[in-house]
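Just so you know, our numbering puts 179 at position 172 of the sequence shown, and the rest follows in order with no gaps. The beta carbon of each residue, even a glycine, is placed where N, CA and C say it ideally should be.
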Amino acid sequence: MSSRVALITGSSRGIGKAIALALAADGCQIAVNYYESGQADAEVNASNLRDAEAVAGEIEALGSKAVVLGADVSSSQSAQELVDQTVKVLGQIDILVNNAGINRDNLLLRISDEEWDQVLKTNLNAAFYCSRAAVKHMVRKRYGRIVSISSVVGVGGNAGQAHYAASKSGLLGFTYSLAKEYGRRGITANVVAPGYIQSDMTARLNAEQTARIADNIVLGRLGTPEDVAGVVAFLVSSRADYLTGQLLRVDGGLGGL
Ligand SMILES: NC(=O)c1ccc[n+]([C@@H]2O[C@H](COP(=O)([O-])OP(=O)(O)OC[C@H]3O[C@@H](n4cnc5c(N)ncnc54)[C@H](O)[C@@H]3O)[C@@H](O)[C@H]2O)c1
């Protein structure tokens with residue numbers, strides 16, 4: 008994969024970071040994107056930039072090229088610029104991983120219009136904006152690999168996450184349509200649905216909640232970002248050339264088999 012260029016949205020930490028490092032280890036050049044949805048706080052974004060730069064450092068230590076690009080993918084214009092910048096700096100875009108995501112857990116009756124819009128824009132609109140911009144380049148080369156990070160919640164729903172679940176379900180239909188529309192142009196589109204993965208997103212769970220969740224997982228533990236990254240690395244590799252329009256659950260057997 009040494010000639011491949013990959014853009015991973017939201018790759019300053021967590022699952023996105025692990026995907027960036029896994030693809031870099033396989034020889035890809037990486038565009039590391041970061042931004043904090045809904046955070047006007049300069050310090051939060053500065054710390055996110057430091058994280059992204061550290062990821063780029065790790066990629067370079069692996070012998071691959073990296074570029075750090077701050078961009079709010081929930082904005083159509085910023086997402087377009089992010090893809091344009093990737094192509095400008097790294098010369099092309101072969102792989103897009105729609106990973107950036109947020110949750111704003113709340114009961115339906117308490118979800119404000121703003122919260123709904125923010126979650127849908129960051130988790131679903133962003134995949135549309137980035138994929139539209141990337142596919143334009145991919146069709147010219149008749150090659151592209153798009154992976155979107157959904158969630159098991161997008162498959163089965165979850166109390167307190169109606170907006171998050173709606174955004175993650177949306178990624179399924181979006182991916183299946185992309186797969187059908189661009190299969191004959193050499194572009195595959197697949198979706199990965201992680202279960203409970205240790206990251207900032209699940210850091211709020213206390214020990215008792217974590218133990219209760221683990222009890223309900225066949226493999227008996229929460230997943231790691233690397234558990235998800237390995238599956239994404241497979242999906243964008245030549246080993247998965249004949250695989251498109253698929254949903255892969257990476258959940259350790261959550262809820263039984
Ligand atoms: N952690 C889990 O248990 C879990 C389970 C299922 C699915 N997921 C999904 O995996 C993905 C990664 O989650 P994580 O657990 O690593 O979360 P995280 O909070 O650790 O990381 C989120 C990343 O997204 C970036 N980001 C947020 N808003 C952005 C925006 N508007 N533009 C660009 N980047 C933005 C952040 O900079 C960060 O790099 C998300 O889509 C999440 O919904 C996570």
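Three or more beta-carbon pairs separated by less than 8 Å link the segment 123 to 133 to the segment 67 to 81, which places the two stretches in contact. For the set Glu188, Ile204 and Gln168, the Cα lying nearest the Cα of leucine 116 is the one of Gln168. In the pairwise beta carbon analysis, the segment 182 to 191 is classified as not touching the segment 233 to 247: fewer than three pairs are separated by under 8 Å.
In the structure shown, isoleucine 100 falls within a coil segment according to DSSP collapsed to helix, strand and coil. Under the DSSP definition of a beta bridge, threonine 195 partners with Arg152. The alpha-carbon separation between alanine 38 and alanine 13 amounts to approximately 6 Å. An exposed status is given to aspartate 207, since fewer than 16 other beta-carbon atoms sit within 10 Å of its beta-carbon. Within the same chain, and ignoring the five residues on either side of serine 174 in sequence, the residues whose Cβ sits closer than 6 Å to its Cβ are Val126, Leu127, Asn130 and Leu131. The C-alpha of phenylalanine 241 lies about 18 Å from the C-alpha of serine 158. For leucine 226, the CB contacts under 7 Å within the same chain, skipping 5 residues up- and downstream, are Gly259 and Gly260 in chain order.
Rounded to the nearest angstrom, the gap between the Cα atoms of aspartate 120 and histidine 170 is 10 Å. Straight through space, the alpha carbons of isoleucine 66 and threonine 195 are spaced by roughly 25 Å. By the beta-carbon neighbour count (other beta carbons within 10 angstroms, threshold 16), valine 96 is exposed. C-alpha of alanine 32 to C-alpha of alanine 61: approximately 16 Å in a straight line. Leaving aside the five residues that flank isoleucine 220 on each side, the residues in its chain whose CB is nearer than 6 Å to its CB run, in chain order, Tyr203.
Distance from the C-beta of serine 158 to the nearest heavy atom of ligand 1 is below 7 Å. The alpha-carbon separation between serine 19 and glycine 262 amounts to approximately 30 Å.
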